[in-house]
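Peer 1: Pasting a structure here, questions to come.
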Amino acid sequence: MAHFKYKDLAERLQAEIMAEPSTPGKKFATEDEMIARFGVSRNTVRQAVALLVREGFLQKRQGSGTYISDRIAEFREKRRNAAKNRCIGVVMTQVNIYVFPSVLMGISDYLFEHDYYTIIRMSLNRVGKEKQILGELLESDIAGLILEPARSGYPPINHDLYRRVGAKFPCVLLHASLAGFDLPVVDNSNLAGFALLVDHLVERGHRDIALICKSDEGSGVSRFTGYAEGMYRHGLNVDESRILWFNDETFDDLFTDANAARVLRVIEGCTAVMCSNDNVARKFLIFLAKRNIRVPDDLSVVGYDDLQDDMEQPITTIEHPKENLGRAAGRAILTLVENPFADVTLRFQPKLVDKGSVRVLK
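Going left to right, the sequence shown walks through residues 17 to 378 as this note's numbering numbers them.
Rendered as structure tokens:
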């Protein structure tokens, strides 16, 4: 999807107009001043200003220049009223499975402790559903938004909605960044975590390492990057034939008998397999057990997120902060409500949890 610089510039200018004590009718910066300040072309500046004029933040006066709109006071009053409502929107891909209930509990608890309440919506990782939800929230008076983007492994499809959200109220991204958007993120260090797992495997003698990875989420893409960087760091090749990709639509069929030949081709000749998360690892272990492949005697397996309460055989993994991550997201959004320019991005450092699922090779 095309990425437009003028929209990013318009978003930044709008945030400054709203945050600074600019009075209605005050003359706005000239084209030459904005070109020098932002290092962009004259055409980019003109498109950004034209967009802000259309949306009511700026006014053009024939033969005189560009001025802060008379509507700024109205826009600021709406923002103040939203803050008075003490309501934060929370949009997540899921809320009732895997790590998501714990993350949501951390968010809700932190906001409740600070006298805020939440409007919770679930996109099911569908961009169409997310589009509907964001459209509704843009018409509401929420004070801020915590957003886990749908299909975050792909270029942003709801690009214009993300821009409008970032311009209207404070927004913190959860579990993924958005290409082309300078929005703060609260997340795991997925890349570093997967690189740490590669280190763990290589230190135990493994060199032929397969990967089962999710392609439609930013965390999956980051974990693949960590896998690749870890392999290269140890002088190992990344073999495409040893990577098994899946997404929401293909996951249910990933470890079925009909797909078994494909899975077995990927892991053939490998001594270890890295799974994108513990849910994938859980299903993979069942697949292996049906074929009498023992872990770790025949094959070492590692996962991610440390969510293994119902797994008969625990596997080495990377810890997910769960409620702590949710509380950090809640803290970040309330910080932005008070100061729109605060740096609240936070990535939890990875912690390896060794559960003995990696065999030491001679």
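Cβ atoms here follow ideal geometry from the backbone N, Cα and C, with glycine treated the same way.
Values in this document were obtained by computation on a predicted structure and should not be read as measured data.
Taking residue 294 as part of the alpha helix (DSSP H), name the residues at either end of that continuous run.
Peer 2: Your numbering for residue 294 matches position 278 in the sequence shown. Note, residue 294: alpha helix (DSSP H), 294-306.
Peer 1: State the CB to CB distance for the pair residue 191 and residue 160, rounded to an integer number of angstroms; the pair is presumed to be in contact (CB under 8 Å).
Peer 2: For the purposes of this step, residue 191 is taken as residue 175 along the sequence shown, with counting starting at 1. For the purposes of this step, residue 160 is taken as residue 144 along the sequence shown, with counting starting at 1. Residue 191 to residue 160, Cβ: 17 Å. No contact.
Peer 1: Checking contacts by CB at 8 Å: is residue 250 closer than that to chain D?
Peer 2: No chain D appears in the structure shown, which is made up of a single protein chain.
Peer 1: Starting from residue 161, follow its DSSP beta bridges and name the residues at the other end.
Peer 2: Here residue 161 refers to the residue found at position 145 when the sequence shown is read from its first residue. DSSP, once it has assigned bridges, lists 105 and 187 as partnering residue 161.
Peer 1: From residue 115 to residue 323, what distance separates their C-alpha atoms?
Peer 2: Position 99 of the sequence shown, counted from the first residue, corresponds to residue 115. Position 307 of the sequence shown, counted from the first residue, corresponds to residue 323. Each residue's alpha carbon lies about 7 Å from the other.
Peer 1: Excluding the five sequence neighbours on either side, which residues of its own chain have a C-beta within less than 6 Å of the C-beta of residue 145, listed in chain order?
Peer 2: In the sequence shown, the residue the question calls residue 145 occupies position 129. Counting only Cβ-Cβ distances below 6 Å, and skipping sequence neighbours, we find 139.
Peer 1: Return the CA-CA distance between residue 255 and residue 286, expressed in angstroms with no decimal places.
Peer 2: In the sequence shown, the residue the question calls residue 255 occupies position 239. In the sequence shown, the residue the question calls residue 286 occupies position 270. Roughly 11 Å between the two C-alpha positions.
Peer 1: For residue 26, does the count of other Cβ atoms within 10 angstroms reach 16, so buried, or fall short, so exposed?
Peer 2: The residue you call residue 26 lines up with position 10 of the sequence shown. Result: buried.
Peer 1: Compute the Euclidean distance between the alpha carbons of residue 280 and residue 136, then round it to the nearest angstrom.
Peer 2: Locating residue 280 in the sequence shown gives position 264, counting from the first residue. Locating residue 136 in the sequence shown gives position 120, counting from the first residue. Within the model, the alpha-carbon separation for residue 280 versus residue 136 is close to 41 Å.
Peer 1: Give the secondary structure of residue 81 by DSSP, where H, G and I count as helix, E and B as strand, and everything else as coil.
Peer 2: Taking the sequence shown and counting its residues from 1, one reaches residue 81 at position 65. Residue state, collapsed to three classes: strand.
Peer 1: What do you get for residue 294, buried or exposed, if any count of 16 or more other CB atoms within 10 angstroms of its CB means buried?
Peer 2: Here the question's residue 294 lines up with position 278 in the sequence shown. The residue is buried, with at least 16 neighbouring Cβ atoms inside 10 Å.
Peer 1: Per the DSSP calculation, residue 318 is bridged to which residue(s)?
Peer 2: Stepping through the sequence shown from its first residue, residue 318 is reached at position 302. Beta-bridge pairing links residue 318 to 290 and 332.
Peer 1: Within 10 angstroms of its Cβ, does residue 171 collect 16 or more other Cβ (buried), or is it exposed?
Peer 2: Residue 171 sits at position 155 when you count from the first residue of the sequence shown. It counts as exposed.
Peer 1: Looking at the structure shown, is residue 241 part of a helix, part of a strand, or coil, going by DSSP?
Peer 2: For the purposes of this step, residue 241 is taken as the residue at position 225 of the sequence shown. Here residue 241 sits in helix by DSSP.
Peer 1: Count Cβ pairs between the segment 312-330 and the segment 257-265 that sit closer than 8 Å; are there 3 or more?
Peer 2: Counting C-beta pairs with one atom in each stretch, the segment 312-330 and the segment 257-265 have fewer than three that are closer than 8 Å, which means they do not touch.
Peer 1: Are residue 366 and residue 193 close, meaning C-beta to C-beta below 8 Å?
Peer 2: Numbered from 1 along the sequence shown, position 350 holds the residue referred to as residue 366. Numbered from 1 along the sequence shown, position 177 holds the residue referred to as residue 193. It is not a contact, given that the beta carbons lie outside the stated cut-off.
Peer 1: Can you name, in chain order, every residue of its own chain whose Cβ lies under 6 Å from the Cβ of residue 346, other than the five neighbours on each side?
Peer 2: In the sequence shown, counting from the first residue as 1, residue 346 sits at position 330. For residue 346, where only same-chain residues beyond five positions count, the Cβ hits under 6 Å are 123, 126 and 127.
Peer 1: Could you have a look at residue 368 and say whether DSSP puts it in helix, strand or coil?
Peer 2: In the sequence shown, counting from the first residue as 1, residue 368 sits at position 352. Correct three-state label for residue 368: strand.
Peer 1: Give the straight-line distance between the Cα atoms of residue 71 and residue 48, rounded to the nearest whole angstrom.
Peer 2: On the sequence shown, position 55 is the one that residue 71 refers to. On the sequence shown, position 32 is the one that residue 48 refers to. If I take the Cα positions, the gap works out to 22 Å.
Peer 1: For residue 79, count neighbouring C-beta atoms within 10 Å of its own C-beta (all shown protein chains included) and say buried if the count is 16 or more, exposed if not.
Peer 2: Counting from 1 along the sequence shown, the entry for residue 79 is found at position 63. Exposed.
Peer 1: Which residues in the same chain have their Cβ closer than 6 Å to the Cβ of residue 212, if we skip the five residues on either side of it in sequence?
Peer 2: Mapped onto the sequence shown, residue 212 falls at position 196. Answer for residue 212: 366 and 368, listed in chain order.
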